[in-house]
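*Asks:* Just dropping this structure here.
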Amino acid sequence: MPELPNQKLKTAVRTEPHVHIGQRLALGLTALTLGILSLSLGLAFLLNPLPESAFLVAPLQQASTTPTTATAVTLTWTAPGNDGNIGQGDHYDLRYSLSPITAATFDTATATGSLPSPQMAGSTESYSVSNLTPSTTYFFALKTYDQAGNVSLISNIATATTTAPSAACTPTYQCTDWSACVNGSQTRTCIVTNGCASTLGEPVTSQTCTTPVPPPAQGGETPHITNHILAVGTGKGSSPLVRIVDPTSRRVIREIQVGNRQDKNGVSVAVGDIDGDHKADIVVGTGPGSSPLIRYYSPTGKLVSLVNPFPTEQSSGVSVAVADVNGDGIDDVVAIPSKSTSQLKVLQYQAKTKKFVTISQIMVFLAEIAVTPRVNSSTVRVVRLVKGKLTVIKEFQAYALKFSSGMTLAIGDVNGDGRGEILTSGGPGYWSNIAAFTLAGKRLFNFLPASTSFTGGVSISSFDVDGDGRDEIITGTYSKGDPGIRYFRFNGLNHRVERIASVTIYPLRMQFGLRLGVG
C-alpha cells in the first residue's frame, strides 16, 4: 500500500483485532518545538502493508512554543506502539541535515546517536539535538524499529532555524550637559547608545553642586578646572576605548570609542583644560604600532580636533601629557613618540581655527636609546620651557643602571608641600615598584601597589581625592591583569603608603592593561 496521504497531520490507528506484533509501527510526533516556531507534525509508519480498510486516521495534537538555544533544538513526540497504539517500539533513528531529507537520502543524513529506548505507546518522548551551528536551518526526520527489526517509513520532514548567538555587551552612554545649579543640585539625562541591556558603568544623573568658582591650587591639581575627571584608556590588545570616571566617587560617567575598533595598539591619555573654558578635556594618543595621531575630546565625549604631531609613516604612536607649559593659564599638550626618536613637542590649541600649532620642541633622548628603550631606560629628564625654548634642567636615574623595562611617569604633590613630586614605575617585565622623587632627583619613598610576582608594569596618575592638599596615587595595570584602578595615600606621619580604595573599570575579560590621565 502507498504511504498515507497528508502524513504531516495524521497518524495511523489499527482497528483489526488480530494482526501479529511487528507488522506495523504507528508513531505520532505530537509536538516538535524548534526555535520560536510552533509546529504540528504527524508521523505515520507502515511496515507490512495492510488493506486500506484496516486503518482509521486520527488528528494529532498541536505543539507548544519553547525557544531553543543557538546550538540546540528540542523535539517532542508521542511514543508509538509495536502494534498500532499499544505495546512499545524497540528503538528510534533520528537524523538531521542541512538540506531536505527524503526516503532515498535518510541514511546519508547525520544520525543523532543513541536515543532513549521507546516508552509505552502514548507516552511523551523528548530529545534535544545539540552541537548545532547558530543561525542555521536544519531538517529533521525520524524512523522507528520494533523488536523484530521491522522499520517504519520515513516521517514528515520538520525544519527549524537555530537562533543567533547571544554575546555579552558593554553599554556606551551619551549624557546631556548638567543642568544649572538650583538649590544645591543639578541633573542630566543619560541614554544607552548601543542597545545593550546591561547597566554596567551607568552614569550618575544627579549631584549636589555649588556655583563653580576656580579653586586655589592645592594638592597638585590644575587650579582653573572645575569638573575634575579621570580618563582610563585601554592597553595593547583591546579596541581603543576611554572610560571617563569621577575620580572622587569612582563611578564611570561615559565611554568614548576612539578611532577604529580594529586598532589593537592601545592608547595614551591625558586630561586638562585645552580651550580655556575651565572644564577638563580629554587628550588621547594612539599606541605604538599605529600612526602618531592625537585626538582632543570635550568633557561630553565629542571629538573637537585631531593632529599628527609626527610623521605618519613611522607608526610610532604618541604618548601625551597635559600641562600649562607657557604660563598663559591654558593647558598645552606635550607629545613624544612612543617609539622611534624622542622628539618632544609642545602643542597649543587655537580655538579660532580649531587646530593645534607647535610652540616648542626638543630632542630629549639620544636616538639610539629611544629606538631601543631597554638600553639605560631608567633615566628621568626634567624639561622646562625657558624663554620659549625647551631645556633639560635635571637628569637622574630612577632605578639601577641595568634596569631595562622602561618606565611610566606621573607628577603629583603627594606630601602636601606645594611642589609636585615625580612618580615612576617599572614597565612590563619588572616588578611593580613605584618610587617618588623631588624635581631635584631625591628619592622620597617607594612602595609596591601589587605583589612582587606581578611583572606587567603599572600605569600611574595622581589626584587630590579628599581635598586635603595632598594628591592620592592612582594606579592600574599596564599590560595585563585585573582591569581596575587602585587608590593609595602617603602617610606623612609614618612615611608609609596606604591603599584606600579600588574599583573595576572594565569587564574582567578585558585584561589588556590600562592608561590613566586625570585633571
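With numbering that gives the first Met the number 0 applied, the sequence shown covers 0 to 518.
Quick reminder that beta carbons are idealized off the backbone N, C-alpha and C, glycines included.
These figures come from a predicted structure and were not determined experimentally.
1. By the three-class DSSP mapping on this structure, what secondary structure does E394 have?
2. Please tell me whether, using a cut-off of 7 Å, the distance from the CB of W430 to the nearest non-hydrogen atom of the ligand NAD is below it.
3. Give the DSSP bridge partners of Y91, in chain order.
4. Would the segment 436-443 and the segment 476-485 be scored as touching if the rule is three or more Cβ pairs under 8 Å?
5. In the DSSP assignment, what are the bridge partners of Q185?
6. Nearest by alpha-carbon distance to A159: which of G275, T285, Y95 is it?
7. For a quick check, are the C-beta atoms of G425 and T476 less than 8 Å apart?
8. At a Cβ threshold of 8 Å, is S314 touching chain D?
9. Between the beta-carbon of G288 and the beta-carbon of S314, is there less than 8 Å?
10. Could you give the C-beta distance for A163 and A69, rounded to a whole number, given that I count them as a contact under 8 Å?
11. Can you give me the C-alpha to C-alpha distance between T451 and T474, rounded to a whole angstrom?
12. Considering only residues of the same chain and omitting the five flanking positions on each side of T104, which have a CB-CB separation below 6 Å?
13. Going by the CB atoms, is the gap between T143 and P115 shorter than 8 Å?
14. Taking the alpha carbon of E201 as the point to measure from, which residue in M119, T209, R187 has its own alpha carbon closest?
15. Between the C-alpha atoms of N375 and F436, what's the straight-line distance to the nearest angstrom?
16. Going by the beta-carbon positions, is the gap between P298 and D280 smaller than 8 Å?
17. By the DSSP assignment, the beta strand (DSSP E) with M406 in it spans what residues?
18. Is it buried or exposed, K338, if we count other Cβ atoms within 10 angstroms and call 16 or more buried?
19. Answer with buried or exposed for R242, where buried requires no fewer than 16 other C-beta atoms within 10 angstroms of its C-beta.
20. Closest to E394 by C-alpha separation, out of V257, R380, R469, would be which residue?
21. Quick check on the DSSP output: the beta strand (DSSP E) that includes D330 runs from which residue to which?
22. Does the distance from the CB of V282 to the CB of V268 come in under 8 Å?
23. With R514 and G265 assumed to form a contact (beta carbons below 8 Å), what rounded beta-carbon distance in angstroms separates them?
24. Is the Cβ-Cβ distance between S431 and L447 less than 8 Å?
25. By alpha-carbon positions, which one of V457, K353, F462, G258 ends up nearest to T247?
26. Only counting the same chain, and skipping five residues up and downstream in sequence, which positions put a Cβ closer than 6 Å to that of V150?
27. Are the beta-carbon atoms of G300 and R253 separated by less than 8 Å?
28. Express the C-alpha separation of P427 and G480 in angstroms, rounding to a whole number.
29. Measure the Cβ-Cβ separation of Q347 and V356 and say whether it is below 8 Å.
30. What is the DSSP secondary structure of D106, counted as helix, strand or coil?
31. For a test of the three-state rule: what should DSSP assign to T378, helix, strand or coil?
32. Apart from the five residues just before and just after G112, which ones in its own chain have a Cβ nearer than 7 Å to its Cβ?
33. Quick one: grab the DSSP three-state call for T311.
34. Can you list, in chain order, the residues of its chain whose CB lies under 6 Å from that of Y505, leaving out five sequence neighbours each side?
35. Taking buried to mean at least 16 other C-beta atoms within 10 Å of its own C-beta, is R508 buried or exposed?
*Replies:* For this structure:
1. strand
2. For the structure depicted, the ligand NAD is absent and the ligand set is empty, with no information on it obtainable.
3. Note: Y91 sits in a beta bridge opposite T143.
4. Below 8 Å, too few C-beta pairs join the segment 436-443 and the segment 476-485 to call them touching: fewer than three.
5. Q206
6. Y95
7. no
8. Of the chains in the structure shown, none is chain D; there is only one protein chain.
9. yes
10. 6 Å
11. For T451 and T474, the gap between their C-alpha atoms comes out near 15 Å.
12. none
13. no
14. R187
15. Caution is warranted here: a pLDDT of 43 is assigned to N375, below 50, making its placement in the model unreliable, and the coordinate value is therefore given only provisionally. Their backbone Cα atoms lie some 18 Å apart in a straight line.
16. yes
17. 406-411
18. buried
19. buried
20. R380
21. For D330, there is no enclosing beta strand (DSSP E), since its DSSP letter is neither H nor E.
22. Against a cut-off of 8 Å, the Cβ pair of V268 and V282 comes out as a contact.
23. 7 Å
24. yes
25. F462
26. K142, Y144
27. yes
28. The straight-line gap from Cα to Cα measures roughly 12 Å.
29. yes
30. helix
31. strand
32. Excluding positions up to five away in sequence, the list is empty.
33. In the three-state DSSP reduction, T311 falls in the helix class (H, G or I).
34. P482
35. Looking at its Cβ environment, which holds fewer than 16 other Cβ atoms inside 10 Å, R508 is exposed.
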